[in-house]
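Novice: So the mapping is simple: this note's numbering equals the position in the sequence shown, first residue as 1, plus 16. No residue lacks a Cβ here, since even glycine has one placed at the ideal position from N, Cα and C.
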Amino acid sequence: MPLERLEDEGLEKIPNLKLAQWTFRAGLEKTFELLRKQLLEKITKCIQDDNMAPYYELVCKELNLPIDQRILKSMQSVNEAKIKELDAKIKDAEENLGDTEIRTAMMEKAHYLSKIGDKEGSLHNFPYHTNWILFGDRDLVTKNIEKANSLIEEGGDWDRRNRLKVYRGLYSMSVRDFDTAAKNFLDAVATFTSYELMDYKTFIIYTVMSAMIALKRPDLREKVVRGSEIQEVLHGLPTVREYLMSLFDCRYADFFLSLAGVEQFMSCDRYLHLHTCYYVREMRIHALSQHLDSYSSLSLDSMAASFGVTPAFLDAELSRFIANGRLACKMDKVSGIIETTRPDNLNFQYQTMIKQGDILLNRIQKLSQVINI
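1. Output needed for residue 144: all residues of its chain with C-beta closer than 7 Å, excluding positions within five of it in sequence on either side, in chain order.
2. On a Cα-Cα basis, can you pick out the residue from 221, 286, 57, 352 that is closest to residue 255?
3. Just mark residue 17 as buried or exposed, buried being the case when its beta carbon has 16 or more other beta carbons within 10 Å.
4. Quick one: any contact between the region 189-199 and the region 210-229, if contact means 3 or more CB pairs under 8 Å?
5. Quick one: what does DSSP say residue 346 is sitting in, helix, strand or coil?
6. Check residue 357 in the structure and name its three-state DSSP category.
7. Measure from the alpha carbon of residue 239 to the alpha carbon of each residue in 87, 206, 120, 276, then state which is nearest.
8. Between 66, 79, 75, which lies nearest to residue 45 when the distance is taken from Cα to Cα?
9. Distance, Cα to Cα, residue 23 vs residue 98?
10. Please classify residue 39 as buried or exposed, where buried requires at least 16 other C-beta atoms within 10 Å of its C-beta.
11. Tell me whether residue 20 is buried or exposed, calling it buried when 16 or more other Cβ atoms sit within 10 Å of its Cβ.
12. When burial is assigned at 16 or more other CB atoms within 10 Å of the CB, is residue 136 buried or exposed?
13. Thinking C-alpha only, which one of 318, 383, 311, 369 is nearest residue 356?
14. Residues in its own chain within less than 7 Å of residue 52 by CB, not counting five upstream and five downstream?
15. So what does residue 314 bridge to, in DSSP terms?
16. Can you name the start and end residues of the alpha helix (DSSP H) that residue 258 belongs to?
17. Report the start-end ranges of each alpha helix (DSSP H) in the region 79-112 that is 4 residues or longer and not cut off at the edges.
18. Count the other C-beta atoms from every protein chain shown that fall within 10 angstroms of the C-beta of residue 102, then say buried if there are 16 or more, exposed otherwise.
19. I'd like the span of the alpha helix (DSSP H) that includes residue 182, first residue to last.
20. Going straight from the alpha carbon of residue 387 to that of residue 320, what length do you get?
21. Determine the closest residue to residue 129 out of 287, 215, 68, with distance taken between C-alpha atoms.
22. What is the DSSP secondary structure of residue 206, reduced to helix, strand or coil?
23. What is the residue span of the alpha helix (DSSP H) that residue 58 lies within?
24. Does DSSP classify residue 32 as helix, strand or coil?
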């Protein structure tokens, strides 16, 4: 079935999460004025089309925009009339109908409050609605994901289990748990239906980005590079495909160029912007380590040429990562030779245990001092 048809059959997009991304992007200092103007026009149109008075006030406050009182009062009057109508519907159901009709009427009100961006009202009427994603409330996100997990364990159909994987993946990605995000996203690739959260192309972008930082090369090849569903979408996303394949094909100069584009994308994404520096650093380490694994030794100039950077830049990068224990190699700056060192797994575990033991002892000593005081 075409993606457009599947999207039409998904849940209604209440609230419209694109609004949150547009608002976030419009609020960035680096956003060009022309783009900011276009975003504000889309935000304003969407708000006025759905009479989102509560969200309008929030956006104006967040973006330091003047509130047009005429527009606000017009939307508020529509909201008040609709809520009055829905309250009457609930009252009628309580007096004359059964539990099913009462629940339907209350759900209708909760959906409307969510649609207009009334956070408090929608959470009061329907605490497990997706409104918490619109406002980026991390505490509520955590609480609701945990609640959803427990409900699914008690019993849930295939569709709900599948949707929850996407929700869990998105939440995990937003808190920098890329391993969990990749696992949940990859499990949902073939059966994705969560169009209320994002479109399928955006989902594939998040899946590829999470998988590249989380998976080892054999798993990446099996689940992403050879994944037919992912590759089908990547044909329409050439920049994302180049980012994936340049690393997999060991074209490191092209990979560094693609990584710069990924950095720009992440810095403008409401879920990923806080993790941009971490992600880019880890992917640079991943690429450097992958290249070094192929050699016992190589020259600094040769490696710099492979990555399309200057020897001075690579020297600084390697020095930092080697000093932090992130790369298994040593560098002779006099001869300009890099030698790889591959410690055995047992020795690595021993060193890790010693390091973690020292940290634990220091914490115990600090705790004992506090208790003695």
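Specialist: This is what the structure gives:
1. Because residue 144 sits at a pLDDT of 48, beneath the cut-off of 50, its placement in the model cannot be relied upon, and the following sentence gives the value as read from the coordinates. Closer than 7 Å at the Cβ level, and outside the excluded window around residue 144, lie 160, 163.
2. Measuring from the Cα of residue 255, the nearest candidate turns out to be 221.
3. Model confidence at residue 17 stands at a pLDDT of 38, short of 50, so the residue's coordinates are unreliable and nothing is read from them.
4. Contact between the region 189-199 and the region 210-229 is present, because at least three Cβ pairs lie under 8 Å.
5. strand
6. coil
7. 206
8. Selected option, being the one with the closest Cα: 79.
9. For residue 23, the predicted model reports a pLDDT of 47, less than 50, meaning its position is unreliable; a value from the coordinates is still stated below. Approximately 28 Å between the Cα atoms of the pair.
10. buried
11. Its pLDDT being 44, under 50, residue 20 is placed unreliably in this model, and the coordinates cannot settle the point.
12. exposed
13. 311
14. 42
15. 354
16. 254-264
17. 85-112
18. buried
19. Per DSSP, the continuous alpha helix (DSSP H) segment holding residue 182 begins and ends at 174-190.
20. Roughly 53 Å separates the two Cα atoms.
21. 68
22. coil
23. 49-65
24. coil
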